[in-house]
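Taking it in order: structure first as structure tokens, then the write-up.
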Amino acid sequence: MNFTVRIWRQKGPNERGGLVTYEAHDVNPGMSFLEMLDGVNQRLLGNGEEPVAFEQDCREGICGSCSLVIDGIPHGPDRGITTCQLYMRRFPDGATITIEPWRAKAFPIIKDLVVDRSALDRVMQAGGYISVNTGGAVDGNVLLIGKDQAETAMDAASCIGCGACVAACKNASATLFVAAKVSHLAVLPQGKPERTRRVSAMLEAMDREGFGSCGNQYECEAVCPKSISVRFIANLNREYLRAGIVESGIPSEPESPHAETT
Amino acid sequence: MTRLVSHLQSSVGRKVVMALTGLGLVTYVILHMVGNLQVFEGPHALNSYAAFLRDMPILLWTARIGLLCIVALHIVFAIQLSLQNHRARPIGYAIHRYRQASFASRTMAMSGMVLLLFIVFHLLHLTAGVIGSPNSDRIDAEGYRDVYGKMIHAFQNPLVVALYLVGQLGLGLHLSHAVSSSIQTLGLEHAALDRLFKAAGPAVGLLVVLGNIAIILAVFLGIVHV
Ligand code: HEM
Ligand code: SF4
Ligand code: FES
Numbered sequence: 001m002n003f004t005v006r007i008w009r010q011k012g013p014n015e016r017g018g019l020v021t022y023e024a025h026d027v028n029p030g031m032s033f034l035e036m037l038d039g040v041n042q043r044l045l046g047n048g049e050e051p052v053a054f055e056q057d058c059r060e061g062i063c064g065s066c067s068l069v070i071d072g073i074p075h076g077p078d079r080g081i082t083t084c085q086l087y088m089r090r091f092p093d094g095a096t097i098t099i100e101p102w103r104a105k106a107f108p109i110i111k112d113l114v115v116d117r118s119a120l121d122r123v124m125q126a127g128g129y130i131s132v133n134t135g136g137a138v139d140g141n142v143l144l145i146g147k148d149q150a151e152t153a154m155d156a157a158s159c160i161g162c163g164a165c166v167a168a169c170k171n172a173s174a175t176l177f178v179a180a181k182v183s184h185l186a187v188l189p190q191g192k193p194e195r196t197r198r199v200s201a202m203l204e205a206m207d208r209e210g211f212g213s214c215g216n217q218y219e220c221e222a223v224c225p226k227s228i229s230v231r232f233i234a235n236l237n238r239e240y241l242r243a244g245i246v247e248s249g250i251p252s253e254p255e256s257p258h259a260e261t262t
Numbered sequence: 263m264t265r266l267v268s269h270l271q272s273s274v275g276r277k278v279v280m281a282l283t284g285l286g287l288v289t290y291v292i293l294h295m296v297g298n299l300q301v302f303e304g305p306h307a308l309n310s311y312a313a314f315l316r317d318m319p320i321l322l323w324t325a326r327i328g329l330l331c332i333v334a335l336h337i338v339f340a341i342q343l344s345l346q347n348h349r350a351r352p353i354g355y356a357i358h359r360y361r362q363a364s365f366a367s368r369t370m371a372m373s374g375m376v377l378l379l380f381i382v383f384h385l386l387h388l389t390a391g392v393i394g395s396p397n398s399d400r401i402d403a404e405g406y407r408d409v410y411g412k413m414i415h416a417f418q419n420p421l422v423v424a425l426y427l428v429g430q431l432g433l434g435l436h437l438s439h440a441v442s443s444s445i446q447t448l449g450l451e452h453a454a455l456d457r458l459f460k461a462a463g464p465a466v467g468l469l470v471v472l473g474n475i476a477i478i479l480a481v482f483l484g485i486v487h488v
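First to last, the sequence lines map onto chains A and B.
Be aware that the first sequence starts at 1, since it is given in the numbering used here, and climbs by one per residue.
Be aware that the second sequence starts at 263, since it is given in the numbering used here, and climbs by one per residue.
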């Protein structure tokens, strides 16, 4: 198979970028999208040109590193998969494919197709953790958790933090990501001690990082490689309303998540 | 700042205020339509209903000022959120395809703007009588203000009818996303009710728009006349 690929090239964070057209020849239909790009880079290297920078790691849909907007859809035309799980047989021979980076103020471009997603890490630092006691490990089955609770928590926990939800959202909102993380911990007994302050802290961090607000358009759910349901967003809103009522009158959190130590 | 106050200023908090004010406006829009449908019962029904409303000036003005505050809150937060959302993606995509976001959901700011312009026009036209209708404050045979006659007169003008239909288009579009969206914003979801919640927006939107259009067209086509 042969393809024409239009790829966003940008030398550095503050450089001007643009779409550059390359040819991808002799592509095996069984190749993944990233392997096709490896081929393009091989040829670029052979010609002494700078290869295209793109992020990848596990190449099996679990790490959340790969992050390409393919023909206008994050992770490409198939549902419920990451870019690395997308195969070239999915495209008609001879097709022109446009590849762009995630676009959001909170995800500044580092180079070409690589963006800085540490904003999501800072949202996690603000509240995406639980308290555990040190000492001897507790036996696994001491704490009983209902089947449906466990299932719900697992559905939410399957978020791999790729940021496709942000990339797809018209408002570049990270609400689905935050909803998944908050819901995951809120349904489990281990997450209860921080339940109230977690949701406020994570949503405040999301605003601080410059993400947009949720317009309930559900584009995030459609591109999420883990098909995280927008029902978790309703749950997030519920948790937030609850926190507003439970904690009303209590002074709000300081600006920085780590300010309690300063 | 206390929790509750700071909560209302976050992006979710602002959405909650928009949802609550929006639902308040939805309730009003439905009552408004139902009230006006009395035009089909003839001049007596409509004019005495109008007089009944005007006979309670305290209630009337409380409702008016309340509505004004609600609309103001709704619009201020709409602008703030739209600006925040606009800033969140300074550089757009060369190609961006939507998979499931409805047209209505992507054009809320546009349909809201159309609505705002329409509401201002509508208030100047039929409430204040500044635009059009020279025979605005006539008295009917029973001594009531002739709202019925005013409506008949207004919707005989094709230009006015066209403007009102555009307004209804904006309203229908806005509501078709707004009602379902506010249910989600307020955190209501249930596996068994999700379909109902999804259908609520288009259903309410269609109901209100059909009711309103029925009035406009019935007058324009001469089905309801003096
Ligand atoms: C009859 C008048 C109106 C009604 C009944 C109404 C109702 C609603 C409702 C229920 C929502 C949903 C809130 C949510 O998603 O949780 C909404 C959203 C919205 N409204 Fe209105 N609205 C009206 C007028 C306006 C006007 C005049 C404007 C603008 C000038 C406006 C702009 C918006 C915007 C931009 C949103 C989307 C907010 C977001 O998703 O972030 N609306 N409206
Ligand atoms: S919610 Fe889905 S799209 Fe968003 S970061 Fe998690 S896995 Fe990626
Ligand atoms: S490379 Fe790990 S998910 Fe794609």
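All C-beta atoms, glycine included, are put in the ideal place defined by N, C-alpha and C.
- With respect to chain B, the C-beta atom of Val187(A) has no partner C-beta closer than 8 Å.
- Residue pairing by DSSP places Lys111(A) opposite Val114(A) in a beta bridge.
- Membership of Ile414(B) in the alpha helix (DSSP H) is indicated by the continuous run Val409 to Ala416.
- According to DSSP, Val27(A) shares a beta bridge with no other residue.
- Using a C-beta cut-off of 8 Å, the stretch 419 to 431 of chain B makes no contact with the stretch 356 to 365 of chain B, since fewer than three inter-stretch Cβ pairs fall below that distance.
- Taking the CA atoms as reference points, Gly449(B) sits about 47 Å from Gly94(A).
- For Thr82(A), the shortest separation between its Cβ and any heavy atom of the ligand FES lies below 7 Å.
- A Cβ of chain B is located within less than 8 Å of the beta carbon of Ser213(A).
- Proximity of Ser367(B) to chain A, defined by a Cβ-Cβ separation below 8 Å, is satisfied.
- Interface with chain A (8 Å Cβ-Cβ cutoff): Gly354(B) is included.
- Fully contained in the stretch 267 to 301 of chain B are the following alpha helix (DSSP H) runs of length 4 or more, in chain order: 273 to 298.
- Interface criterion not met: the Cβ of Ala465(B) is under 8 Å from no Cβ in chain A.
- Non-local C-beta neighbours of Lys105(A) in its own chain, meaning closer than 6 Å and more than five positions away in sequence, comprise Gly210, ordered along the chain.
- In this structure, Gly48(A) sits away from Cys84(A), with a CB-CB distance that is not shorter than 8 Å.
- If you draw a straight line from the Cα of Met88(A) to the Cα of Leu34(A), it is about 9 Å long.
- Distance from the CA of Asn14(A) to the CA of Leu427(B), rounded to the nearest whole angstrom, comes to 49 Å.
- In this structure, the alpha-carbon of Ser32(A) lies about 24 Å from that of Gly18(A).
- Residue range Thr96 to Glu100 is occupied by the beta strand (DSSP E) that includes Thr96(A).
- Burial of Asn235(A) is indicated by the presence of at least 16 other C-beta atoms within 10 angstroms of its C-beta.
- Segment contact: the stretch 224 to 243 of chain A against the stretch 300 to 317 of chain B, fewer than three CB-CB distances shorter than 8 Å; contact not assigned.
- Relative to the ligand SF4, the nearest heavy atom lies less than 7 Å away from the CB of Phe177(A).
- Relative to Ser344(B), the option among Arg231(A), Val230(A), Glu219(A) and Gly215(A) whose CA is nearest is Gly215(A).
- Annotated as proximal: Val333(B) and Leu287(B), with beta-carbon spacing under 8 Å.
- In this structure, the beta-carbon distance from Asp112(A) to Arg9(A) falls below 8 Å.
- For Thr4(A), the three-state secondary structure derived from DSSP is strand.
- Minimum Cα-Cα distance from Arg351(B) among the listed residues Asn171(A), Val123(A) and Gly136(A) corresponds to Asn171(A).
- Annotated three-state conformation of Ile62(A) is coil, per DSSP.
- Residues of the same chain with a CB within less than 7 Å of the CB of Leu37(A), apart from the 5 flanking positions on each side, are Val52 and Phe54 in chain order.
- Judged by pairs of C-beta atoms under 8 Å, the stretch 221 to 233 of chain A does not touch the stretch 264 to 281 of chain B, as fewer than three such pairs exist.
- From the listed residues Lys192(A), Ile233(A) and Lys147(A), the smallest Cα separation to Tyr129(A) is found for Lys192(A).
- Taking the Cβ of Asn216(A) as the reference point, at least one heavy atom of the ligand HEM falls within a distance shorter than 7 Å.
- Around the beta carbon of Trp323(B), fewer than 16 other beta carbons lie within 10 angstroms, which makes this residue exposed.
- The residues Ala180, Ser183, His184 and Phe232, in chain order, have a CB closer than 6 Å to that of Ala156(A) in the same chain once the five nearest residues on each side in sequence are set aside.
- In chain order, Cys214 and Ile233 place their CB closer than 6 Å to the CB of Thr175(A), counting only its own chain and leaving out the 5 sequence neighbours on each side.
- Of all residues in the stretch 414 to 425 of chain B, none places a beta-carbon less than 9 Å from a beta-carbon of chain A.
- Close partners of Ser272(B) in chain A (Cβ separation under 7 Å): Leu203, Glu204 and Asp207.
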